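Chemist: Below you will find the structure I want to go over with you.
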Amino acid sequence: MPIDFFEGQRQVSNWGARMSTFARSTVFKKTTGACLVFGVYVAVGHLVENYFGFRLQIDFSGMTLLGGVMSLLLVLRSNSAYARWWEGRQIWGQLVNDSRNLALKVMAFPNVPVEEKKRYIQWSVAFPFVLRDHLRCGIPQEDAVAELPEPVPDEISHIPAYISGKLFAQLKKWKDEGSLDRLEHHLMDQHVSALMDICGKCERIRNTPPPLSHRALIPQLLFIYLVITPLGVEATITNAVLGFALAYFLIGLEILAEELEEPFGTDSDDLPLDQISKNIKRSLDQIRTT
């Protein structure tokens with residue numbers, strides 16, 4: 004039976020399923036909670052206004068213009084956050100390609116013992132798992148430890164670099180023994196070098212968040228806008244529904260941007276690193292058994 008290499012990564016096909024999936028996401032839960040707090044604030048504000056018999060006089064033409072500017076800023080922020088997310092996905096796509104090419108070329112070398120080839124590929128299988136954990140918590144999880152051909156010394160803190168060192172050392176050993184010629188060594192070296200390039204690119208995204216002013220100013224403007232605007236509006240059901248929809252849209256865009264800025268986590272909108280790592284393992288296991 005053919006292996007499904009795309010299991011868990013297909014796009015949801017219909018709107019109903021999409022809405023059901025989104026309702027379980029972190030963005031929906033955070034947005035709904037913030038909107039409920041906003042609704043309580045508006046209700047209390049109108050009660051206070053009615054009790055003291057006054058109402059704020061707000062120029063709604065100016066507030067409408069401010070709302071348009073806020074929407075534009077939030078869309079730009081969401082686009083910049085999505086660019087980080089998509090760059091991370093491209094980097095892990097490169098990891099898939101280099102891992103497969105590395106395994107295919109290793110298995111094609113006639114002068115290298117088969118057992119050494121398989122052990123070499125096993126180190127390549129472990130790399131995406133340990134890179135995933137390196138980007139999340141820094142400590143290999145059980146499934147990553149299970150893929151390692153041998154235990155990693157306790158004093159090693161950067162395990163992806165340790166695995167790359169193992170791959171480089173094995174290449175040098177094969178070259179010194181005459182199992183690889185210069186061209187074959189060069190062909191392998193570029194893929195092993197790509198592993199650390201991938202790790203460095205992921206670390207750049209992980210360790211370089213957007214500037215603090217960029218992340219802090221827009222939420223402050225959004226908070227001020229949502230605090231001021233409802234108090235000058237008449238308390239009707241229509242205005243309440245429109246206000247809730249506006250707040251849901253604006254708050255949702257901000258929370259979505261926050262989620263996408265960190266693409267290597269475990270939330271529903273983060274990159275499916277677990278599934279990508281498993282797919283790499285499936286591919287490499289199939290290559291070394293053929």
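Residues in the sequence shown are numbered consecutively from 4, following my numbering. Note that beta-carbon positions come from the ideal geometry of N, C-alpha and C, so glycine has one too. Note that the structure is predicted; figures quoted are calculated from it, not measured.
DSSP state of cysteine 205, grouped into three classes?
Modeler: The answer is helix: DSSP assigns cysteine 205 an H, G or I state.
Chemist: Kindly list the residues whose CB is nearer than 6 Å to the CB of serine 280, restricted to its own chain and excluding five residues on each side of it in sequence; keep chain order.
Modeler: Closer than 6 Å at Cβ, skipping near neighbours: Pro131, Phe132 and Arg135.
Chemist: What do you get for methionine 191, buried or exposed, if any count of 16 or more other CB atoms within 10 angstroms of its CB means buried?
Modeler: Buried: at least 16 other Cβ atoms inside 10 Å.
Chemist: I'd like the span of the alpha helix (DSSP H) that includes threonine 29, first residue to last.
Modeler: Its alpha helix (DSSP H) spans residues 29-55.
Chemist: Using a 10 Å radius around the Cβ and a threshold of 16 neighbouring Cβ atoms, would you call valine 128 buried or exposed?
Modeler: Buried, by the Cβ-count rule.
Chemist: Do serine 74 and alanine 260 have their beta-carbon atoms positioned less than 9 Å apart in this structure?
Modeler: Not in contact: alanine 260 and serine 74 (Cβ atoms no closer than 9 Å).
Chemist: Would you tell me roughly how many angstroms separate the C-alpha atoms of valine 40 and cysteine 205, rounded to the nearest one?
Modeler: C-alpha separation (whole angstroms): 36 Å.
Chemist: Between the C-alpha atoms of isoleucine 162 and glycine 141, what's the straight-line distance to the nearest angstrom?
Modeler: Near 9 Å, if we compare the C-alpha coordinates of glycine 141 and isoleucine 162.
Chemist: State the CB to CB distance for the pair arginine 291 and lysine 33, rounded to an integer number of angstroms; the pair is presumed to be in contact (CB under 8 Å).
Modeler: Actually they do not touch by this definition, with Cβ atoms about 44 Å apart.
Chemist: Suppose you measure from the CA of glutamate 262 to the CA of methionine 199; what does that come to, to the nearest Å?
Modeler: Rounded to whole angstroms, glutamate 262 to methionine 199 spans 26 Å at the Cα level.
Chemist: Nearest CA to the CA of proline 152: which residue from Arg139, Ile159, Ala164 and Lys169?
Modeler: When only C-alpha atoms are compared, the closest one is Lys169.
Chemist: State buried or exposed for phenylalanine 57, treating a residue as buried only when at least 16 other CB atoms are found within 10 Å of its CB.
Modeler: Exposed, because fewer than 16 other Cβ atoms sit within 10 Å of the Cβ of phenylalanine 57.
Chemist: Find the nearest neighbour of isoleucine 208 within the set Ile221, Pro222, Ile124 and Trp95, judged by alpha-carbon distance.
Modeler: That would be Trp95, whose Cα lies nearest to the Cα of isoleucine 208.
Chemist: With a threshold of 16 other CB atoms inside 10 Å of the CB of glutamine 223, please say whether the residue is buried or exposed.
Modeler: With fewer than 16 other Cβ atoms within 10 Å, it is exposed.
Chemist: Kindly indicate which three-state DSSP category aspartate 273 falls into: helix, strand or coil?
Modeler: Residue state, collapsed to three classes: coil.
Chemist: Please report the Cβ distance between aspartate 270 and threonine 29, rounded to the nearest whole angstrom; I am assuming they are in contact, meaning their Cβ atoms lie under 8 Å.
Modeler: So it is a contact: roughly 5 Å between Cβ atoms.
Chemist: Can the beta-carbon of leucine 183 be found less than 9 Å from the beta-carbon of tryptophan 177?
Modeler: Going by C-beta atoms, leucine 183 is nearer than 9 Å to tryptophan 177.
Chemist: Once you ignore the five residues that flank asparagine 242 on each side, which residues in its own chain have a CB closer than 7 Å to its CB?
Modeler: Taken in chain order, the residues that qualify are Val236.
Chemist: Measuring straight from C-alpha to C-alpha, what distance separates glutamate 265 and proline 143?
Modeler: So the two alpha carbons sit approximately 19 Å from each other.
Chemist: Among Phe226, Leu215, His188 and Asp277, whose alpha-carbon lies nearest the alpha-carbon of glutamate 251?
Modeler: A small correction: the amino acid at residue 251 is tyrosine; glutamate does not occupy that position in the sequence shown. Minimum Cα distance to tyrosine 251 is reached at Phe226.
Chemist: Label serine 216 either buried or exposed according to how many other C-beta atoms from any shown protein chain fall within 10 Å of its C-beta, with 16 as the threshold for buried.
Modeler: That one is exposed.
Chemist: Could you spell out the range, first to last residue, of the alpha helix (DSSP H) harbouring glutamate 257?
Modeler: Its alpha helix (DSSP H) spans residues 240-263.
Chemist: Is glutamate 237 helix, strand or coil by DSSP?
Modeler: Correct three-state label for glutamate 237: coil.
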